[in-house]
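In my numbering, the protein residues as written are 1 to 218. We treat Cβ as the ideally placed atom computed from N, Cα and C, and that holds for glycine. The model shown is predicted, which means the values in this text are computed figures rather than measured ones. Here is the structure we will look at.
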Amino acid sequence: MQPKKIFEGVYEINGRIATLNSTPGKRAYSEELKIVDRKEYRLWNPYRSKLSAAIALGLKNFHFKNSDKVLYIGAATGTTVSHISDIVVDGRIYCIEMSERNMRELVKLCESRPNMLPILADASEPNAYSDYIETCDVLYQDASAREQAKILLSNARFLKRGGYAYFVIKSQSIDISKKPREIFESELKILENDFEVIEKTSLDPYDKLHLFSVLKKK
Ligand SMILES: C[S@@+](CC[C@H](N)C(=O)[O-])C[C@H]1O[C@@H](n2cnc3c(N)ncnc32)[C@H](O)[C@@H]1O
Numbered sequence: 001m002q003p004k005k006i007f008e009g010v011y012e013i014n015g016r017i018a019t020l021n022s023t024p025g026k027r028a029y030s031e032e033l034k035i036v037d038r039k040e041y042r043l044w045n046p047y048r049s050k051l052s053a054a055i056a057l058g059l060k061n062f063h064f065k066n067s068d069k070v071l072y073i074g075a076a077t078g079t080t081v082s083h084i085s086d087i088v089v090d091g092r093i094y095c096i097e098m099s100e101r102n103m104r105e106l107v108k109l110c111e112s113r114p115n116m117l118p119i120l121a122d123a124s125e126p127n128a129y130s131d132y133i134e135t136c137d138v139l140y141q142d143a144s145a146r147e148q149a150k151i152l153l154s155n156a157r158f159l160k161r162g163g164y165a166y167f168v169i170k171s172q173s174i175d176i177s178k179k180p181r182e183i184f185e186s187e188l189k190i191l192e193n194d195f196e197v198i199e200k201t202s203l204d205p206y207d208k209l210h211l212f213s214v215l216k217k218k
């Protein structure tokens, strides 16, 4: 069961996706730990993380690098962020989350992961945190909000030109009366002047009614 490298910082161990634990001995949630050749890996459950689900489904564009700066919108309690924190181990992740309850959990996790910086804020009002954020290489958004494309657009100024945005669209948060496909199309249309869509995939069977898209800033 030698780990096979899939992307920078991402491995496959016995058919399961994993990251190298940057805080050996510590779990971020209830993930399984595996030690191989005296290195500790954290298994990355595709049912718990949409980025892991996208990788399991054959994602082609994975652009997180060791020293990247990442803006993460909708950090929740840090499940996915913790794996990105293992990957951009010499970089930094600005974790935006508006729920105080989730933020309490997230802050505990950030204490043991110094590359994760928690920011309690509503991402639809980025002026509130613009003084604390530097230009980022990657933007990741998974926010269960109503105006998801609008939020991404208002945060695009923090992403460098040519930088990648991972945009998870949850149709149920936008309008339950419309077909998900119509919602995905209209959300991506809002972004077309500023971003090129380079990849999109459904997350079925891991997560229903979501579109996982990869965009490149023009
Ligand atoms: C599906 S959860 C995110 C799960 C997380 N990305 C993960 O994979 O571990 C969506 C999160 O978005 C947050 N959220 C929704 N609207 C937001 C907004 N306008 N600003 C910041 N966070 C928001 C919610 O509080 C919730 O924690």
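Sequence-distant residues of the same chain with beta carbon closer than 7 angstroms to residue i, five excluded per side
{"i": "Ala246", "result": "One cannot answer for residue 246 here, as it falls past the ends of the chain, which runs 1 to 218."}
Residues near residue i in its chain [Cβ-Cβ closer than 8 angstroms; skip 5 each side]
{"i": "Asp194", "result": "Leu153, Ala156, Lys217 and Lys218"}
{"i": "Lys208", "result": "none"}
{"i": "Ser112", "result": "Thr23 and Lys26"}
{"i": "Asn61", "result": "Tyr164, Ile198, Glu199 and Val214"}
{"i": "Asp122", "result": "Met98 and Ala128"}
Candidates the options: closest to residue i by CA position
{"i": "Gln172", "options": "Ser22, Met116 and Glu147", "result": "Glu147"}
{"i": "Ala143", "options": "Ala75, Leu159 and Gly163", "result": "Ala75"}
{"i": "Tyr29", "options": "Lys39, Leu51, Val10 and Ser82", "result": "Ser82"}
{"i": "Arg16", "options": "Leu43, Ser85, Asn61 and Arg38", "result": "Leu43"}
{"i": "Asp90", "options": "Lys108, Val70 and Asn66", "result": "Asn66"}
{"i": "Cys95", "options": "Val88, Asp86 and Gly78", "result": "Gly78"}
{"i": "Asn115", "options": "Asp122, Ala121 and Val107", "result": "Val107"}
{"i": "Ala149", "options": "Ser124, Ile13, Glu8 and Arg161", "result": "Ser124"}
{"i": "Glu97", "options": "Ala145, Arg161 and Phe64", "result": "Ala145"}
{"i": "Thr135", "options": "Asp122, Tyr129 and Phe158", "result": "Phe158"}
Proximity test, residue i beta-carbon vs ligand 1 heavy atom, cut-off 7 angstroms
{"i": "Asn102", "result": "yes"}
{"i": "Glu97", "result": "yes"}
{"i": "Ala156", "result": "no"}
{"i": "Asp122", "result": "yes"}
{"i": "Ser171", "result": "no"}
{"i": "Asp142", "result": "yes"}
Bridge-paired residues (DSSP) for residue i
{"i": "Arg16", "result": "Ile13"}
{"i": "Val197", "result": "Leu215"}
{"i": "Arg92", "result": "Lys69"}
{"i": "Arg42", "result": "Thr19 and Leu33"}
Sub-8 angstroms separation of residue i and residue j beta-carbons
{"i": "Ile84", "j": "Ile73", "result": "no"}
{"i": "Ile198", "j": "Leu215", "result": "yes"}
{"i": "Asp86", "j": "Asn21", "result": "yes"}
{"i": "Lys34", "j": "Ala18", "result": "yes"}
{"i": "Leu120", "j": "Glu105", "result": "no"}
{"i": "Gln141", "j": "Ile151", "result": "yes"}
Contact set for residue i: own chain, Cβ-Cβ below 6 angstroms, skip 5 residues either direction
{"i": "Phe184", "result": "Ile169 and Leu211"}
{"i": "Arg48", "result": "Thr79"}
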